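Protein chains in written order, with our numbering: chain A, 34 to 452; chain B, 34 to 452; chain C, 34 to 452.
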Amino acid sequence: MRQLIEALYPICRSITGPGVRATLDLIGQQIDLDRPKLPTGTRIHDWTVPQEWELTGAYLSHAGDDTRIVDAAESNLHVVNFSTSVDAVMSLEELRPHLHTLPDRPDCVPYRTSYYHPAWGLCLTDNQLNGLAEGDYRVRIDTHHRDGFLEWGECTIEGSTRETVLLTTHICHPSLANDNLSGIAVLTALAKFIASAPRRLTYKLLFIPGTIGSIGWLATNPEAAAAVTAGLVITGLGDTSDFTYKRSQQGDATIDRVLEVLLRDRGQGQLIDFTPYGYDERQFCSPGYNMGVGRLTRGVHGEYPEYHTSADNLGFIQDEALAESLELLTEVVESLESNRRYVNLAPYGEPQLGKRGIYSSVGGAIDQKSVEMGYLWVLNQSDGLTDLCAIASRSGLAYSAVATAADRLKDHDLLGDPK
Amino acid sequence: MRQLIEALYPICRSITGPGVRATLDLIGQQIDLDRPKLPTGTRIHDWTVPQEWELTGAYLSHAGDDTRIVDAAESNLHVVNFSTSVDAVMSLEELRPHLHTLPDRPDCVPYRTSYYHPAWGLCLTDNQLNGLAEGDYRVRIDTHHRDGFLEWGECTIEGSTRETVLLTTHICHPSLANDNLSGIAVLTALAKFIASAPRRLTYKLLFIPGTIGSIGWLATNPEAAAAVTAGLVITGLGDTSDFTYKRSQQGDATIDRVLEVLLRDRGQGQLIDFTPYGYDERQFCSPGYNMGVGRLTRGVHGEYPEYHTSADNLGFIQDEALAESLELLTEVVESLESNRRYVNLAPYGEPQLGKRGIYSSVGGAIDQKSVEMGYLWVLNQSDGLTDLCAIASRSGLAYSAVATAADRLKDHDLLGDPK
Amino acid sequence: MRQLIEALYPICRSITGPGVRATLDLIGQQIDLDRPKLPTGTRIHDWTVPQEWELTGAYLSHAGDDTRIVDAAESNLHVVNFSTSVDAVMSLEELRPHLHTLPDRPDCVPYRTSYYHPAWGLCLTDNQLNGLAEGDYRVRIDTHHRDGFLEWGECTIEGSTRETVLLTTHICHPSLANDNLSGIAVLTALAKFIASAPRRLTYKLLFIPGTIGSIGWLATNPEAAAAVTAGLVITGLGDTSDFTYKRSQQGDATIDRVLEVLLRDRGQGQLIDFTPYGYDERQFCSPGYNMGVGRLTRGVHGEYPEYHTSADNLGFIQDEALAESLELLTEVVESLESNRRYVNLAPYGEPQLGKRGIYSSVGGAIDQKSVEMGYLWVLNQSDGLTDLCAIASRSGLAYSAVATAADRLKDHDLLGDPK
């Protein structure tokens, strides 16, 4: 994952343009990736596909002095993302409204965007700004807005059913490591894991520009959207904070219950309730869709100081954190695969497990937490309506113990599918 | 409000009789007031309209000594309300069962009633009682029970819909300031506020004798009762305790949710659960009606020491408390007016607020608690079933922010009425 | 109860055989008892009726030395219940897997069973085991497995309705006093109490071998099982721990709510949630039945050190505890009898209780917790759906106060049956 992140880091991404294409090219070298695209001007629900944007250079210097005080060649964060072009000499006073800094973090460059409101601007550290003397400055931003395409990456892994798990990550941020090269790298690795075995569920993995990308996909894929039964927006998975799971709008969707149980079993993570502010869960949980889609991050956007600043760099993310994030997500996939509702086929009293050899035969001592308790709970609760995750939750047993018990009970023809 | 209270204070009210009429006359000088009346003997549900009652004088003296130890001319609390007449000389021992005091508050005269069980009695301070020597006493109570009418005041303010808000206060207590001249004064002022602007909802304000009055109104107004969608019993609003909202029997009626959110927003008040003991909410929440009617007081009956004693006098109530109570009630009215369910008309993903100029255009920074969050929450939750109050409750946003957001979204045709 | 327990204590019970029959004979001397029986080999749901088992003797001695180190004549716990026969000389090493002890309780003999997996074994104290020198031992167990019957006791007390309360206790344990001679004795006494008065409900009291007995009854009594509306598994009621009520799988069944309120009223007991591990509630709460059957014990199986050891002897149980357990169960019976849903026949406002003489006539003072509050609550809540137990729970009033209030309201024709 680290290699992919390092390759992606220098690219100047935005919601459209060559940065997006270069990013998808690199992902596509690792996994099968469709590349749908919609032309500029296409109506997608309430939105319209914008032009493509390209940054070719930008700098700030004293008027009549070529020394660059701020230079986009050093970091693409220095230019407001989607900025219009400018080439002008102006006083510091005139310039100031176009200069964005972080007074609270005076040595960090902020990340700023202006996608849908034409404007130009530069971002720099507050220390740099405070070092500027009164006088005239030359500001030059060379960007290009051209008709083109909104483009995204889509990896589909077919399962034996059309029931679909939606996994998405945004790809529109420039040189920011945790938000969201970590998400891109983890989702790419997860795609390989999912594809490594036959699956019951179908998986749809989207590498999309934030907001406009998810709306583009939703607007052009109504059938696929309707087949989604669970999903996760994945981002910010490389920092060393504990996991944060944000519930779907429904609050008790399958994905909500699965994450709650898996994090409980790991003794990790915090659960937070849905709010309509954040990443693309805003779109998937809008009332016209109201999907059971939650969000998995480590730290929460806006709550760690490196968020949306130049401090979210390659040094901020840790390989161990990325690996642990991937591990949790593979557990999520395995759990969604196994998390089914069953009907107890011997529902009148308990079936005699002893004669089937799957229960200890000398009575009088039982480890309350053993897998044998899993048999009893799964048999007791399998009314065709209660899934294994609900059983793990109610029983306090680890999800893995419950799933193992269900597998063995199925092997002995004690569980069937609901009608 | 203070003026009206001072004018009402000396009047000897009861559930019927000249005191009620004089009270309604004074209220009727301030607001439009219908004066329905039911003749003595009328069956109203399980009850029968009683006779009218009038007190013309009462005293206690030593036999053969005209010095009045207790005199109703000093306070109408000295006579058990609805007392029968008596003119007799008797020993202290014979007299004692007819003398009511408060041993715990030895310098206060209690308020006692005996409406439906003919009896005579005097109320005095415990200090007075303890000062009585053995011997013979003359007791005289001059009251009149006559066939007449049960009468109440009814102020109707028509709105554009028949959906009705019921606001009631009891008018049967004699010289007690907080319970309930404060309620009468605040409801009178609230009537003026409601009438000062066009309203969506219809308002029915009742100034009624406790129990028998609400039963009289319910029995004779089945259609109006059926149109009630929210209501409040208002009483005890002049003392300096914090607000107390008592939930309706339903517990999650509109009025319950509105008061919960408004008190949360003000950082004031305690919420208590319904019990079938208290004021007229007992009648409105009886199973045959089960209206969404709660109760707003400051201190709770029986829990402040001045309750139902001569200490509940004009000095006990504060103008600031009355004004604050009125202010909260105007917020209740405004909130009931605006608290509607909407359908998001652009429900597939988020609508593009930026292009409508109602959303900040430079991304990357948002005040989580700003009115912009109101847009997001209202859009996300407006499924035609969820009202603005529920959105304020779930989001943690102030009701006013949510209502403002909804108004602006309506202006931009983003919200419609549910089918 | 103590007498019956002492008479039952020496008998070597198991799930079948002469010990069961002798036990039922003694119970049958006290109450009317049907004695259904199913022949060995009968299929009952997923199970098959086993053979009968009889123990005629067992001992362990040094080879060539008649001194008995362990002797079943001293305690029937020394033989694994349902053990096969053996007569052999073997080394301590060969013997060891067949010897069961409690290293944590080195002076207690454990209770062990092997009903459905043929095996032989002896139980002894860990001190005894540690005192055995290397060398050859003679082990002899004389048991008999013969075709015969699964037998249980069934006491039916008909009420005026077919609605049935199921009360069961297991009878398969040998010389263990609390688990479960206490249950047998208390249930026998409770049968006498129930039969002492006419009842609205029908009672079915089962004295059954654990697991196989409840499955046998369920398999052969589908109609009676379907008529069960509440029930309790009763066991371990002689120790001095506080009561423990284990909820049914439903969690909010009538029996759950009744026990919750009665224990609250007594200020006693802990409530624990259902798990599919324990006594015969496992069978009654299996998904094919899912009865509203909970479990009442004092200490919880596995949580007190005497459990399933020779320390659960006649000295471990206390007469006062048995008596208190019986008292609580009589309250349960009385509460189930009276716990009905009513319809308020005067539901429009409150009925005038004063004129009926069941309400204090001088207003102004009421004891919030008096039975008068019971009138108000029962009238307010009697919508035909809410039972008296729910009213006691919501109101905080004692169940007995609510039931008394309901009785008096019925006497005054203020309550009727739901349609």
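Cβ atoms here follow ideal geometry from the backbone N, Cα and C, with glycine treated the same way.
All values derive from a computational prediction rather than experimental measurement.
Please report the distance separating the alpha-carbon of residue i from that of residue j.
i, j, result
"V261 (chain B)", "E184 (chain B)", "22 Å"
"Q401 (chain C)", "K279 (chain C)", "Residue confidence is low: Q401 (chain C) scores 42 on pLDDT, short of 50, so the model does not pin down where it sits. No coordinate-derived value is stated."
"V395 (chain A)", "P143 (chain C)", "At V395 (chain A) the pLDDT is 44, less than 50, meaning the model places this residue with poor confidence; the figure from the coordinates comes in the next sentence. V395 (chain A) and P143 (chain C): Cα-Cα distance of roughly 12 Å."
"E364 (chain B)", "L295 (chain B)", "8 Å"
"S116 (chain C)", "H177 (chain C)", "9 Å"
"A423 (chain B)", "T419 (chain C)", "27 Å"
"L37 (chain A)", "A228 (chain A)", "19 Å"
"S20 (chain C)", "L361 (chain C)", "Shown here, chain C extends from 34 to 452; a query on residue 20 (chain C) therefore has no answer."
"P207 (chain A)", "S319 (chain A)", "27 Å"
"V113 (chain B)", "V291 (chain C)", "44 Å"
"V326 (chain C)", "S281 (chain C)", "5 Å"
"V119 (chain C)", "T89 (chain C)", "12 Å"
"Y375 (chain A)", "F317 (chain C)", "20 Å"
"G50 (chain C)", "A222 (chain C)", "25 Å"
"W86 (chain C)", "E107 (chain C)", "19 Å"
"M34 (chain C)", "T56 (chain C)", "14 Å"
"G390 (chain B)", "L409 (chain B)", "15 Å"
"T146 (chain C)", "H95 (chain C)", "25 Å"
"P338 (chain A)", "N211 (chain A)", "12 Å"
"A263 (chain C)", "V333 (chain A)", "50 Å"
In the structure shown, what three-state DSSP assignment does residue i receive?
i, result
"M406 (chain A)", "helix"
"V82 (chain B)", "coil"
"V198 (chain A)", "strand"
"C188 (chain B)", "strand"
"I399 (chain A)", "Residue placement at I399 (chain A) is flagged as unreliable, the pLDDT there being 41, under the threshold of 50; the coordinate-derived value follows with that caveat. Here I399 (chain A) sits in coil by DSSP."
"N377 (chain C)", "strand"
"Y453 (chain C)", "Since the displayed chain C opens at 34 and closes at 452, residue 453 (chain C) lies outside it and no answer follows."
"V326 (chain A)", "strand"
"R449 (chain A)", "The sequence shown places Gly at residue 449 (chain A), rather than the Arg named in the question. Strand, per DSSP."
"G181 (chain B)", "coil"
"L386 (chain C)", "coil"
"R68 (chain C)", "coil"
"I48 (chain B)", "coil"
"I77 (chain A)", "strand"
"L418 (chain C)", "strand"
"I174 (chain C)", "strand"
"E87 (chain A)", "strand"
Kindly give me the distance between the Cβ atoms of residue i and residue j, rounded to whole angstroms, as I take these residues to be in contact under 8 Å.
i, j, result
"V197 (chain A)", "A257 (chain A)", "Before going on, a small fix: residue 197 (chain A) reads as Thr here, not Val. Yes, T197 (chain A) and A257 (chain A) are in contact; Cβ-Cβ is about 7 Å, under 8 Å."
"C205 (chain A)", "R315 (chain A)", "The Cβ separation is near 14 Å, so there is no contact."
"T277 (chain A)", "Q303 (chain A)", "5 Å"
"L125 (chain B)", "L165 (chain B)", "6 Å"
"L238 (chain C)", "L220 (chain C)", "6 Å"
"D298 (chain B)", "A431 (chain B)", "5 Å"
"T244 (chain C)", "D313 (chain C)", "7 Å"
Does the ligand MN have a heavy atom nearer than 7 Å to the CB of residue i?
i, result
"L183 (chain C)", "With respect to the ligand MN, the structure shown offers nothing to examine, as it has no ligands at all."
Can you check whether the C-beta of residue i is within less than 8 Å of a C-beta belonging to chain D?
i, result
"A379 (chain B)", "This model lacks chain D altogether, as its protein chains are A, B and C."
- Message: Whether or not the stretch 73-82 of chain B and the stretch 231-248 of chain B are in contact is what I'm after, with contact meaning three or more pairs of Cβ atoms, one per stretch, closer than 8 Å; do they touch?
- Response: yes
- Message: In chain order, what are the residue ranges of uninterrupted beta strand (DSSP E) at least 3 long that sit wholly in the stretch 89-164 of chain C?
- Response: 101-104, 119-124
- Query: Are at least three pairs of beta-carbons, each pair with one atom in the stretch 211-223 of chain B and one in the stretch 269-277 of chain B, less than 8 Å apart?
  - Reply: yes
- Segment contact, 8 Å Cβ cut-off, at least three pairs: the stretch 113-133 of chain C with the stretch 156-174 of chain C: Three or more Cβ pairs closer than 8 Å define a contact, and the stretch 113-133 of chain C meets that threshold against the stretch 156-174 of chain C.
- Message: Quick check for students: name the residue ranges of the beta strand (DSSP E) that lie wholly in the stretch 211-299 of chain C, counting only runs of 3 or more.
- Response: 235-241, 261-267, 277-279
- Query: Do the stretch 145-157 of chain C and the stretch 431-444 of chain B make contact, defined as three or more Cβ pairs closer than 8 Å?
  - Reply: no
- Task: Just list the alpha helix (DSSP H) runs in the stretch 297-362 of chain A, keeping only unbroken ones of 4 residues or longer that don't cross its boundaries, in chain order.
- Result: 314-317
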